[in-house]
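Undergrad: Mind looking over this structure? Questions follow.
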Amino acid sequence: MTALSLLTATSISKRFGGVHALSEVDFTINHGEIYGLIGPNGAGKTSLFNVLTGIYDADGGTFNFDGEPLDRLKPNQVAERGIARTFQNIRLFQNLSALENVMIGRHVRTHAGVFGAILRDKATLAEEAAIEKRAYELLDYVGVAKRANAQARHLAYGDQRRLEIARALATEPKLLALDEPAAGMNATETQTLKALLENIRRDGTTILLIEHDMKLVMNVCDRVLVLDYGKKIAEGSASEVQNDPKVIAAYLGGEVSLNLKGA
Amino acid sequence: MHAFFDTRKHPELVWVGIVVVAMTLTALPFALAGVGTAWVRITNSAILYVFLALGLNIVVGFAGLLDLGYIAFYAVGAYTYALLASPHFNIHLPFWVVLPIGAGIACLFGALLGAPTLKLRGDYLAIVTLGFGEIIRIFLNNLSQPVNITNGPQGITLIDPFRIGGFNFKTSQTIVGLDFTGPIKYYYFLLIVLIAVIVINLRLQNSRLGRAWEAVREDEIAARAMGINTRNVKLLAFAMGASFGGVAGAIFSATQQFVSPESFGLFESIIVLAMVVLGGMGHIPGVILGAVLLTLLPELLRYTMEPLQHALFGRVFIDAEIIRLLVFGIALVAIMLYRPAGLWPSAVRKRELETGTTK
Chain G
105 MTALSLLTAT
115 SISKRFGGVH
125 ALSEVDFTIN
135 HGEIYGLIGP
145 NGAGKTSLFN
155 VLTGIYDADG
165 GTFNFDGEPL
175 DRLKPNQVAE
185 RGIARTFQNI
195 RLFQNLSALE
205 NVMIGRHVRT
215 HAGVFGAILR
225 DKATLAEEAA
235 IEKRAYELLD
245 YVGVAKRANA
255 QARHLAYGDQ
265 RRLEIARALA
275 TEPKLLALDE
285 PAAGMNATET
295 QTLKALLENI
305 RRDGTTILLI
315 EHDMKLVMNV
325 CDRVLVLDYG
335 KKIAEGSASE
345 VQNDPKVIAA
355 YLGGEVSLNL
365 KGA
Chain X
84 MHAFFDTRKH
94 PELVWVGIVV
104 VAMTLTALPF
114 ALAGVGTAWV
124 RITNSAILYV
134 FLALGLNIVV
144 GFAGLLDLGY
154 IAFYAVGAYT
164 YALLASPHFN
174 IHLPFWVVLP
184 IGAGIACLFG
194 ALLGAPTLKL
204 RGDYLAIVTL
214 GFGEIIRIFL
224 NNLSQPVNIT
234 NGPQGITLID
244 PFRIGGFNFK
254 TSQTIVGLDF
264 TGPIKYYYFL
274 LIVLIAVIVI
284 NLRLQNSRLG
294 RAWEAVREDE
304 IAARAMGINT
314 RNVKLLAFAM
324 GASFGGVAGA
334 IFSATQQFVS
344 PESFGLFESI
354 IVLAMVVLGG
364 MGHIPGVILG
374 AVLLTLLPEL
384 LRYTMEPLQH
394 ALFGRVFIDA
404 EIIRLLVFGI
414 ALVAIMLYRP
424 AGLWPSAVRK
434 RELETGTTK
């Protein structure tokens, strides 16, 4: 266990019936990295996320996070350990305000219980004020502070994606796992997102990024893992992966030879 | 929370409002007693329904868990008081001792119902809770043998009214020239408890726990991914909701001085749920409005429909009870069609950071 690595995955496997969503995937994410996870549709990226965050139990393999194993933890325990995530198909608390969404993210780092809520003692009031202040700061950080009091579902699509990041950051993660944060964003929004990701990394949070926007991945990721049919087919720097024949084959369809002459 | 007028610009208006409401509520029972003591009793039962609706609102409105057996907790509270303050076992504990015990036992039953149903949602949860409500009622009906605990379908009679020293809530007495009848005394007691219940509910909603409930309601998977222990949070919702039902039940027991399993049927559960849904799920003022309307409306019909038919046709064609159900059904359908979020739904809570945003 080197101090350098934050998350080590060892031969992670997950089956759904006869489908091997993940077979023996190994990888290591280092502290302070932006680590990309790419692959064609159905390659197992989101399955890997769900196994990592405890939504699914792995059928085999282990995660070692920050020096301790993550086995058989429930999603809330994973969040408590310091992994926060966003979802491919945005899962905000739609009918609550943007601010409340982020305030809920503070839940895991705060303590007030039933009696605190009813009695509103000094400690609870101070905690509430701190939660609200921090939530505002995070909204400002991701750039949706102006919409703090708007219902989450009324936010523009890009703002919803950024709000989800703010909510995840509110849990004070060591590793922030983003599932296609740029999906549906236009070029300008993607540029803003890139700056945000770099800021998050600079402020000390490691990022695991699933993304289809190759330009963003190649620009922002230090290292990239490529999955295809649940197997790891390549890992390395963006440029290395880009030129890997296996990756090109996976994306463009390999071993295809069109015999036009014979037709 | 709701802006009839801009209280931020005119903070004094809040106090004017509070004084007006307080004066109205204080004078109300005497005005009603002028019309008839029955109306004071009806008001008291309306307040009890407000307790129930607010309790159920925690489970259904805040945490989004459909509970069709909520009346079971009312029953548990009522029987707890009935058993601990009646000649049945010859135990006569004072109400301020039994009230917390009732709330506590109901709370325990809430957790008992919550624990096995944690993985269920929506329709499935509704069916299990419905069954739970019926189980409690059937237990009460049959726990007269071999050891007579609940006295079966006959119910428990001669339950103690509330007493503090020599002050008895049941008997009439004249204080400072005003005639305080039993129901009027209970009214003031209920009013004080009501204020406490409303304050507790408002505080719960605007707390870390309240937000966690709402998160579970909105998206359970996202809530778990944000580190919320959904198991504990849901159990707490059931337990807190149940304890309000328990308090209401104990007070019901004391005011009626008689309880029997008949009072705790499925229909009662549905009425309370209707109050929550009609008023505005998750919105405390809306739920209160729903409870008051659905208690007063049938009574108004009772007092108007039969005399009206007498006046028009000389005899009663349709029983007031039938009209009540008819109006009830039509009201529910109309609300669901035209105001699906309830009569007085919640608005997004606005928050302004007093220190200003960090720019």
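Keeping their order, the protein sequence lines are chains G and X. Using the working numbering, you'd call the opening residue of the first sequence number 105 and step up by one each time. Using the working numbering, you'd call the opening residue of the second sequence number 84 and step up by one each time. Virtual Cβ for every residue (Gly too), placed ideally from N, Cα, C. It should be emphasised that the depicted structure is a prediction, and the values quoted were computed from it without experimental measurement.
Under 6 Å Cβ to Cβ from M358 (chain X), same chain only, skipping five residues before and after it: list those, please.
TA: Closer than 6 Å at Cβ, skipping near neighbours: A136, G373, A374, L377.
Undergrad: Entirely within the stretch 172-238 of chain G and at least 3 residues each: give me those beta strand (DSSP E) ranges in chain order.
TA: You should have 187-189.
Undergrad: Which value, in whole angstroms, describes the spacing of the CA atoms of G138 (chain X) and A189 (chain X)?
TA: Taking the straight line from one Cα to the other gives about 11 Å.
Undergrad: How would you write the range of the alpha helix (DSSP H) that L259 (chain G) sits in, first residue to last?
TA: Here L259 (chain G) belongs to no alpha helix (DSSP H), and DSSP marks it neither H nor E.
Undergrad: List, in order along the chain, the chain G residues whose C-beta lies closer than 9 Å to that of A295 (chain X)?
TA: Correct list: I208, H211.
Undergrad: Mapping the DSSP letters down to three states, classify D130 (chain G) as helix, strand or coil.
TA: Three-state result, D130 (chain G): strand.
Undergrad: Could you name the residues of the same chain whose beta carbon sits closer than 8 Å to that of L279 (chain G), not counting the 5 residues immediately before and after it, in chain order?
TA: Cβ neighbours of L279 (chain G) beyond the five flanking positions: L110, L111, I133, F169, G186, I187, A188, T309, T310, I311, L312.
Undergrad: Less than 6 Å between C-beta atoms, sequence neighbours within five positions excluded: which residues of the same chain meet that for E382 (chain X)?
TA: For E382 (chain X), where only same-chain residues beyond five positions count, the Cβ hits under 6 Å are I125.
Undergrad: What separation, rounded to the nearest whole angstrom, lies between the Cα atoms of V248 (chain G) and A331 (chain X)?
TA: Spanning the two alpha carbons is a distance of roughly 44 Å.
Undergrad: Who are the neighbours of L319 (chain X) on chain G, taking C-beta pairs under 8 Å?
TA: Going along chain G in sequence order, the residues near L319 (chain X) (Cβ under 8 Å) are V218.
Undergrad: Check the Cβ of L200 (chain G) against every Cβ in chain X and list those closer than 7 Å, keeping chain order.
TA: By Cβ distance, chain X contributes E297, E301.
Undergrad: Beta strand (DSSP E) containing T257 (chain X): first to last residue?
TA: Start and end: 256-258.
Undergrad: Relative to the C-alpha of I367 (chain X), which residue among X:V97, X:L285, X:V99, X:L319 is closest?
TA: If we check each option's Cα against that of I367 (chain X), X:L285 comes out closest.
Undergrad: Would you verify that the beta carbon of A305 (chain X) is, or is not, closer than 7 Å to some beta carbon of chain G?
TA: Yes, A305 (chain X) lies at the interface with chain G (some Cβ there is under 7 Å from its Cβ).
Undergrad: DSSP on L283 (chain G), reduced to helix/strand/coil?
TA: Residue identity check: residue 283 (chain G) is Asp in the sequence provided, not Leu. In this structure, D283 (chain G) counts as strand in the three-state DSSP scheme.
Undergrad: How is the beta strand (DSSP E) around L110 (chain G) delimited, first residue to last?
TA: Per DSSP, L110 (chain G) belongs to the beta strand (DSSP E) from 109-120.
Undergrad: Are there three or more Cβ pairs, one per stretch, closer than 8 Å when the stretch 282-298 of chain X is compared with the stretch 154-166 of chain X?
TA: As far as the Cβ criterion goes, the stretch 282-298 of chain X does not touch the stretch 154-166 of chain X, which means the pair count is below three.
Undergrad: Note the first and the last residue of the continuous alpha helix (DSSP H) segment covering N284 (chain X).
TA: 265-288 is the span of the alpha helix (DSSP H), which, as asked, contains N284 (chain X).
Undergrad: So with Cβ pairs under 7 Å, would you call R291 (chain X) a contact of chain B?
TA: Structure shown: chain B not included; protein chains present are G and X.
Undergrad: Would P179 (chain G) and T157 (chain G) be called neighbours here (beta carbons separated by less than 7 Å)?
TA: Contact: yes.
Undergrad: Give a yes or no on whether 7 Å exceeds the smallest Cβ distance from N312 (chain X) to chain G.
TA: So yes, N312 (chain X) belongs to the interface.
Undergrad: Among the candidates X:I218, X:V97, X:L148, X:P94, whose CA atom is the shortest distance from the CA of F347 (chain X)?
TA: Cα-wise, what sits closest to F347 (chain X) is X:I218.
Undergrad: Reducing DSSP to helix, strand and coil, say where K335 (chain G) ends up.
TA: It is a strand residue.
Undergrad: Can you tell me where the beta strand (DSSP E) with Y139 (chain G) in it begins and where it stops?
TA: 138-142 is the span of the beta strand (DSSP E), which, as asked, contains Y139 (chain G).
Undergrad: Answer with yes or no whether the minimum CB distance from N154 (chain G) to chain X is below 7 Å.
TA: Closer than 7 Å: no.
Undergrad: Cβ of L149 (chain X) within 7 Å of Cβ of A209 (chain X)?
TA: Going by C-beta atoms, L149 (chain X) is nearer than 7 Å to A209 (chain X).
Undergrad: When the distance is taken between beta carbons, is F197 (chain G) closer than 7 Å to D302 (chain X)?
TA: In contact: D302 (chain X) and F197 (chain G) (Cβ atoms closer than 7 Å).
Undergrad: Identify the residues that DSSP records as bridge partners of S352 (chain X): which are they?
TA: The partner list for S352 (chain X) (beta bridge, DSSP) is empty, contrary to what the question assumes.
Undergrad: Shortest alpha-carbon distance to Q192 (chain G) belongs to which of G:L152, G:E204, G:T214?
TA: Checked all of G:L152, G:E204, G:T214; the closest Cα to Q192 (chain G) is G:L152.
Undergrad: At a CB-CB cut-off below 9 Å, which residues of chain X make contact with I89 (chain G)?
TA: For chain G, the structure presents residues 105 to 367; residue 89 (chain G) sits outside this window and is missing.
Undergrad: From the DSSP output, in three-state form, read off H135 (chain G) for me.
TA: H135 (chain G): coil per DSSP, three-state reduction.
Undergrad: Which residue wins for smallest C-alpha separation from P277 (chain G), given the options G:G288, G:R213, G:P144, G:K335?
TA: That would be G:R213, whose Cα lies nearest to the Cα of P277 (chain G).
Undergrad: Distance, Cα to Cα, A287 (chain G) vs G185 (chain X)?
TA: The straight-line gap from Cα to Cα measures roughly 54 Å.
Undergrad: Can you give me, in chain order, the residues of the stretch 218-239 of chain G that have a beta carbon less than 8 Å from any beta carbon in chain X?
TA: So the list reads V218, G220, A221, I222, R224, T228, E231, E232, I235, E236, K237, given in the order they occur along the chain.
Undergrad: Using beta carbons (cut-off 7 Å, strictly below), is L287 (chain X) in contact with chain G?
TA: At least one chain G Cβ lies under 7 Å of L287 (chain X).
Undergrad: So, does the stretch 299-306 of chain G touch the stretch 225-239 of chain G, judging by three or more C-beta pairs under 8 Å?
TA: Touching, no.
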